[in-house]
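J.:
Protein chains in written order, with this note's numbering: chain A, 10 to 178; chain B, 7 to 425; chain C, 12 to 587.
In structure tokens, the structure reads:
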């Protein structure tokens with residue numbers, strides 16, 4: 010049942026156009042690189058796979074190897090395709106001592122995938138991440154750009170189910 | 007019961023974060039206006055009078071940092087706001103940036119005037135994507151109001167700020183790694199010297215200040231360094247924004263004078279959650295210390311913490327209750343550093359995982375007394391020989407927990423011996 | 012420059028302000044171990060082996076980066092330093108495959124040396140953990156073994172900053188960092204141009220030369236095969252060094268003796284085809300100048316450069332000389348002209364090139380370098396490999412008598428010999444082109460302006476009534492500058508020499524491990540050898556003349572084009 014998940018990494022002319030348009034903001038200003046790659050991730054499979062890196066390399070003049078070194082360094086940029094929703098569970102100490110383990114178990118059960126995996130329909134990728142910076146409301150997860158705080162196993166399951174049904178956009 | 011002293015958080019909850027009018031109604035940008043009438047040396051002198059020390063963790067005197075950059079000869083200089091708040095258990099910068107971004111912009115602009123910079127970067131960690139729109143909007147409003155941009159307040163001073171995103175790398179909170187990251191590179195720290203004040207962003211003299219440090223600047227310029235220095239303790243003036251987290255009844259971000267007793271803060275916010283017993287604290291984040299319940303009478307300022315072989319760091323106070331295993335926390339902390347080590351220098355790249363292996367072994371009941379010696383020796387080497395603060399401090403939790411919770415280690419080793 | 016005074020291990024020393032502790036220690040002849048430090052590269056300070064104690068400082072500092080300051084008291088082997096260093100070494104060793112006994116770098120490995128000097132005798136207290144996905148022998152030139160990697164970053168620096176090839180980069184983070192091609196590609200499928208400068212930069216055996224010596228030994232054992240060697244100009248300069256003698260020791264005669272004793276039936280001199288190259292390339296250049304051909308013409312002797320051009324500058328392929336490299340010309344002649352002469356079928360000749368170069372291994376495998384189902388060159392071995400063969404044959408190189416090269420291809424000129432150094436091809440070409448065009452003898456054969464290690468050298472020479480403008484670049488970072496200028500139509504040269512490796516072939520990836528300090532004596536030796544040769548101009552080589560008379564016809568003839576010229580392919584697909 011492999012569907013759009015792999016199809017998304019194919020660079021269609023439309024997608025290439027989008028990538029080029031974002032990459033053109035680079036203007037030889039190195040500080041733009043991170044924003045560009047993060048924005049490109051939003052129009053691709055939540056990742057910078059090789060096909061995408063080559064387009065970026067062509068537009069910006071940054072060698073592919075250097076881009077790969079960059080992409081592979083930062084936790085929030087992925088060289089491998091990910092789901093439409095990337096669910097990041099904080100595993101740092103403040104969340105850890107307030108029940109993160111139980112919350113993660115609940116998410117794993119609800120989604121049916123392990124951390125580091127993507128659901129077969131290509132919609133969800135589950136990851137561990139380090140501190141999300143909302144320790145005063147721990148435990149917390151980040152789903153793409155949305156933060157969810159003060160989670161319990163039950164609340165987490167409900168939230169994920171909402172996403173699975175498509176009630177959250 | 008303590009009362010908060012709000013200097014950094016003065017506008018939090020009082021204004022519309024993106025509204026420059028709201029900010030100006032409460033005296034905002036008047037400090038910048040005032041600074042622009044003063045020679046840069048005088049601005050730095052005022053900051054020096056305040057004895058403000060950096061709030062990012064190291065506690066370096068801010069005025070001294072600025073004066074290095076002022077004295078450095080270069081046509082181009084930069085001011086960077088370090089908003090890569092990655093230290094687990096620390097949320098203060100997010101609170102400031104999402105509630106009162108203009109106080110930070112104003113602090114940056116004053117810094118820029120004081121050192122002769124015209125370009126600023128605010129490096130915001132990736133994990134705060136929802137703060138981006140606030141910053142961008144607030145910046146645009148400030149520009150439109152003439153508080154940033156070209157010819158600020160009709161002077162010939164130009165200064166503008168670009169918001170740059172992090173990519174999910176704790177190490178980028180280290181100033182030189184942050185600079186590398188802005189330059190479009192892997193966020194690996196540089197060796198120092200040279201310090202950023204001499205050779206920073208793109209090799210130019212650069213001020214790198216923490217969000218909280220910068221948010222203090224407008225107040226100091228407004229009320230004077232003298233006034234500021236009366237808060238806190240003589241060696242460490244002003245306030246500290248603390249993040250209370252973990253198993254405490256009332257979690258949150260609160261501002262108290264430097265030197266406030268840990269016990270008072272703890273008790274003011276309700277003690278341990280669910281009336282459990284207190285096991286100890288993690289202070290200053292994951293690169294900070296683990297102290298036990300008996301060490302609670304601790305004045306929370308840079309030097310007092312240091313004298314007590316603890317650390318104020320970023321002002322994190324994580325409460326640990328008696329349901330939590332200390333060795334679990336240490337294991338969790340080392341896992342964090344395995345993930346977050348950039349991999350540049352040997353001790354940190356190779357050492358964290360080795361410490362983790364040993365802790366895991368002890369925690370599983372497979373440890374030996376020799377492991378304690380190995381831990382101490384390796385932790386010491388990482389501490390004194392690593393390239394940056396990450397590697398130098400990643401094993402602090404191990405060292406301090408071995409001192410302050412020694413019985414936990416011995417029990418685990420003993421458990422293994424009997425099994 | 013003002014000076015600072017400090018003490019190291021109690022000994023006073025004075026050094027210029029800004030110098031590092033490592034330099035100050037060097038002044039005192041105090042040795043501090045290093046790994047990531049390379050004298051030709053930027054300071055990295057990441058291995059931390061060189062940490063020292065500064066009295067009064069809580070943290071240790073790396074001697075390679077930390078500046079010596081006034082009044083500083085440095086301790087290089089205090090207990091704190093020794094403990095830290097040994098712990099760091101232990102961490103490295105726990106990631107390093109401990110198979111020194113059968114390691115390619117055994118005996119000249121920097122990690123082995125550090126470990127030995129630090130008198131490190133214990134087994135690491137940590138379980139050995141190999142880097143994942145560590146083995147890559149997809150390239151015909153370079154083998155990558157991350158199990159030996161110490162993550163110093165010297166390979167990436169030379170590949171990206173000096174050569175601007177960008178085949179390798181630092182990937183991942185933390186414990187998992189590795190140096191590898193982008194997106195899991197194998198080196199052989201990547202933009203790597205096989206120059207082997209990464210091998211030269213690597214302190215250990217994480218990057219080594221692809222070893223082909225077994226195939227040569229097997230050929231010796233095959234009674235059917237006549238094993239023919241050709242020896243590149245630079246080999247006689249660096250072989251003795253590879254066998255433990257001083258850099259710059261010329262060993263031409265001993266080299267031939269050794270090769271014969273190892274088992275080669277015939278030993279030819281690539282200087283000969285270097286002369287032939289000059290005849291062909293010089294003729295081609297004059298043709299282009301006189302007939303409005305594509306200019307500037309660019310040399311094609313350096314196969315690393317050729318792949319670089321094919322990958323990054325395919326639009327400039329028409330500028331490349333169509334001449335094969337001297338090794339490839341020789342390969343073609345051995346399997347045709349020479350085979351006929353000794354009445355052998357080409358398949359019964361085993362042709363071995365002995366080269367200072369790792370990219371020659373790639374060149375020999377190009378489809379253009381063969382015909383009728385056989386390869387012009389069967390195996391290319393580097394100086395490092397032939398040195399191993401000589402040692403494993405039990406030959407004491409230092410005491411060998413001298414033997415001349417075999418005829419008919421045993422005679423080369425000084426012009427052929429200087430192909431080994433940057434600027435050499437240009438100088439050789441100028442000697443010949445000048446005399447052929449003007450019919451006059453040069454007053455001085457030494458074109459000093461194209462000699463030496465400056466990155467880009469320029470000269471102009473009046474040849475008859477044409478002012479010929481030339482440029483020379485070595486190291487591909489420098490080549491890139493010239494190519495960009497040509498692309499931008501900002502360069503009006505007639506002729507450009509490019510060598511992929513810094514310093515030219517004497518700095519090639521197949522040589523003994525180098526740094527610029529060793530390169531000086533090597534360079535000096537090249538011109539010393541040139542001066543000592545009875546023949547110093549390619550067009551005066553009598554055997555070259557005879558080869559044209561008996562076999563090739565005239566330069567750039569149809570036969571020459573068939574055997575001595577080649578074509579190139581657009582490899583920009585590697586970037587897509």
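Beta carbons: idealized from backbone N, C-alpha and C, even for Gly.
1. Run through the DSSP bridge pairs and tell me what residue 485 of chain C is partnered with.
2. Which of the three DSSP states, helix, strand or coil, is assigned to residue 13 of chain A?
3. Going straight from the alpha carbon of residue 84 of chain C to that of residue 29 of chain C, what length do you get?
4. Ends of the beta strand (DSSP E) at residue 263 of chain B?
5. Does the Cβ of residue 159 of chain B have 16 or more other Cβ atoms within 10 Å, making it buried, or fewer, making it exposed?
6. Can you check whether the C-beta of residue 157 of chain A is within less than 8 Å of a C-beta belonging to chain B?
7. Determine whether the Cβ of residue 163 of chain A lies closer than 8 Å to any Cβ atom of chain C.
8. May I ask you to verify whether the segment 105-117 of chain B touches the segment 126-143 of chain B, counting CB pairs closer than 8 Å and requiring at least 3?
9. For chain A, check one thing: does any of its Cβ atoms lie closer than 8 Å to the Cβ of residue 49 of chain C?
10. If we define contact as Cβ-Cβ less than 8 Å, is residue 349 of chain B a contact residue for chain C?
11. Using a beta-carbon distance below 8 Å, is residue 580 of chain C in contact with chain A?
12. With a Cβ-Cβ cutoff of 8 Å, do residue 217 of chain B and residue 254 of chain B count as a contact?
13. Three Cβ pairs or more, each shorter than 8 Å: is that satisfied between the segment 180-194 of chain B and the segment 39-47 of chain A?
14. With a threshold of 16 other CB atoms inside 10 Å of the CB of residue 161 of chain B, please say whether the residue is buried or exposed.
15. Could you tell me which chain B residues have their CB closer than 7 Å to the CB of residue 99 of chain C, listed as they occur along the chain?
16. Is residue 208 of chain B buried or exposed, if buried means 16 or more other CB atoms sit within 10 Å of its CB?
17. Chain A partners of residue 132 of chain B, CB-CB under 7 Å?
18. Could you compute how far the alpha carbon of residue 376 of chain B sits from the alpha carbon of residue 332 of chain B?
19. So, does the CB of residue 33 of chain C fall closer than 8 Å to a CB anywhere in chain B?
20. Can you tell me which of the three DSSP states residue 138 of chain C falls into?
21. Reducing DSSP to helix, strand and coil, say where residue 152 of chain A ends up.
22. Strictly under 8 Å for the Cβ-Cβ distance: is residue 60 of chain B near chain C by that measure?
23. Given that residue 180 of chain C touches chain A, what residues does it touch there, using C-beta distances under 7 Å?
24. Cutting at 6 Å between CB atoms, please list the residues of its own chain near residue 108 of chain A, excluding the five before and the five after it.
25. Using 8 Å as the threshold, is the C-beta distance between residue 537 of chain C and residue 466 of chain C below it?
26. Got a sec? Which residues, its chain only, sit under 7 Å from residue 137 of chain C by beta carbon, not counting five neighbours each side?
27. Does chain C have any CB closer than 8 Å to the CB of residue 101 of chain A?
28. If distances are taken between C-alpha atoms only, which option among C:103, C:409 and C:276 comes closest to residue 234 of chain C?
29. Quick check: the segment 309-324 of chain B against the segment 82-99 of chain B, are at least 3 beta-carbon pairs closer than 8 Å?
30. Distance check for residue 66 of chain A and residue 16 of chain A, CA to CA, integer angstroms please.
31. What does a CB cutoff of less than 6 Å around residue 462 of chain C pick up in its chain, not counting 5 residues either side in sequence?
32. Closest to residue 9 of chain A by C-alpha separation, out of A:45, A:92, A:56 and A:127, would be which residue?
33. Is residue 290 of chain C buried or exposed, if buried means 16 or more other CB atoms sit within 10 Å of its CB?
34. What is the rounded straight-line gap between the Cα of residue 213 of chain B and the Cα of residue 88 of chain B?
35. Sorted by chain position, which residues of the same chain lie with C-beta nearer than 6 Å to residue 14 of chain A's C-beta, five sequence neighbours on each side aside?
36. In terms of DSSP beta bridges, what is residue 146 of chain C paired with?
T.: Considering the structure as presented:
1. Here the question's residue 485 of chain C lines up with position 474 in the third chain. Per DSSP, the beta bridge partners of residue 485 of chain C are C:510.
2. Taking the first chain and counting its residues from 1, one reaches residue 13 of chain A at position 4. For residue 13 of chain A, the pLDDT reaches just 38, beneath the cut-off of 50, and the residue's location in the model is therefore unreliable, although a value from the coordinates is still provided. Here residue 13 of chain A sits in helix by DSSP.
3. One-based indexing of the third chain puts residue 84 of chain C at position 73. One-based indexing of the third chain puts residue 29 of chain C at position 18. Each residue's alpha carbon lies about 16 Å from the other.
4. Stepping through the second chain from its first residue, residue 263 of chain B is reached at position 257. 258-263 is the span of the beta strand (DSSP E), which, as asked, contains residue 263 of chain B.
5. Position 153 of the second chain holds residue 159 of chain B. Residue 159 of chain B should be labelled exposed.
6. By 1-based counting over the first chain, the position of residue 157 of chain A is 148. Judged by the 8 Å Cβ criterion, residue 157 of chain A is not in contact with chain B.
7. Along the first chain, read from residue 1 onward, the residue named residue 163 of chain A stands at position 154. Closer than 8 Å: no.
8. yes
9. Within the third chain, residue 49 of chain C is the residue found at index 38, counting from 1. For residue 49 of chain C, the answer is no, since every Cβ of chain A falls outside 8 Å of its Cβ.
10. The sequence position of residue 349 of chain B within the second chain is 343, counting from 1. Interface residue, yes.
11. As a first step, residue 580 of chain C must be located in the third chain, where it is residue number 569. It does not: the Cβ of residue 580 of chain C has no partner Cβ on chain A nearer than 8 Å.
12. Position 211 of the second chain holds residue 217 of chain B. Position 248 of the second chain holds residue 254 of chain B. Result no, Cβ atoms of residue 217 of chain B and residue 254 of chain B do not sit closer than 8 Å.
13. yes
14. Position 155 of the second chain, counted from the start, is the residue given in the question as residue 161 of chain B. Per the 10 Å Cβ criterion, exposed.
15. If you number the third chain from 1, residue 99 of chain C lands on position 88. Near residue 99 of chain C (Cβ distances below 7 Å), the residues of chain B are 352, 353, 387 and 391.
16. Locating residue 208 of chain B in the second chain gives position 202, counting from the first residue. By the 10 Å Cβ count, residue 208 of chain B comes out exposed.
17. Numbered from its first residue, the second chain carries residue 132 of chain B at position 126. Neighbours of residue 132 of chain B on chain A, chain order: 85.
18. On the second chain, position 370 is the one that residue 376 of chain B refers to. On the second chain, position 326 is the one that residue 332 of chain B refers to. For residue 376 of chain B and residue 332 of chain B, the distance between alpha carbons rounds to 20 Å.
19. Taking the first residue of the third chain as position 1, residue 33 of chain C is located at position 22. No, because no Cβ of chain B sits closer than 8 Å to the Cβ of residue 33 of chain C.
20. Locating residue 138 of chain C in the third chain gives position 127, where the first residue counts as 1. In the structure shown, residue 138 of chain C sits in coil (DSSP, three-state: anything other than H, G, I, E or B).
21. Your numbering for residue 152 of chain A matches position 143 in the first chain. DSSP places residue 152 of chain A in strand when its eight states are reduced to three.
22. As a working mapping, residue 60 of chain B is identified with position 54 in the second chain. No - not a single Cβ of chain C is within 8 Å of the one on residue 60 of chain B.
23. Start at 1 with the first residue of the third chain, and residue 180 of chain C comes out as number 169. Simply 74, 75, 77 and 78.
24. Position 99 of the first chain holds residue 108 of chain A. Excluding positions up to five away in sequence, the list reads 148.
25. As a working note, residue 537 of chain C is residue 526 in the third chain. As a working note, residue 466 of chain C is residue 455 in the third chain. Not a contact, by the Cβ cut-off of 8 Å.
26. For the purposes of this step, residue 137 of chain C is taken as the residue at position 126 of the third chain. Cβ within range, chain order: 105.
27. By one-based count along the first chain, residue 101 of chain A stands at place 92. Residue 101 of chain A does not count as touching chain C.
28. As a first step, residue 234 of chain C must be located in the third chain, where it is residue number 223. The shortest C-alpha separation from residue 234 of chain C is found at C:276.
29. yes
30. Locating residue 16 of chain A in the first chain gives position 7, counting from the first residue. Locating residue 66 of chain A in the first chain gives position 57, counting from the first residue. At residue 16 of chain A the pLDDT is 39, less than 50, meaning the model places this residue with poor confidence; the figure from the coordinates comes in the next sentence. Between residue 16 of chain A and residue 66 of chain A, the C-alpha separation is close to 22 Å.
31. Residue numbering aside, residue 462 of chain C sits at position 451 when the third chain is read from its first letter. If we look at residue 462 of chain C and ignore the five residues flanking it on each side, its Cβ neighbours are 434.
32. As displayed, chain A neither begins before 10 nor continues past 178, which places residue 9 of chain A out of reach and without an answer.
33. To locate residue 290 of chain C, count along the third chain from 1; it is residue 279. Buried, by the Cβ-count rule.
34. Locating residue 213 of chain B in the second chain gives position 207, counting from the first residue. Locating residue 88 of chain B in the second chain gives position 82, counting from the first residue. Their Cα atoms are separated by approximately 10 Å.
35. As a position in the first chain, residue 14 of chain A is number 5, starting the count at 1. Per-residue confidence for residue 14 of chain A stands at a pLDDT of 42, beneath the threshold of 50, marking its modelled position as unreliable; the derived number appears in the next sentence. Closer than 6 Å at Cβ, skipping near neighbours: 131.
36. Taking the first residue of the third chain as position 1, residue 146 of chain C is located at position 135. BP columns for residue 146 of chain C point to C:156.
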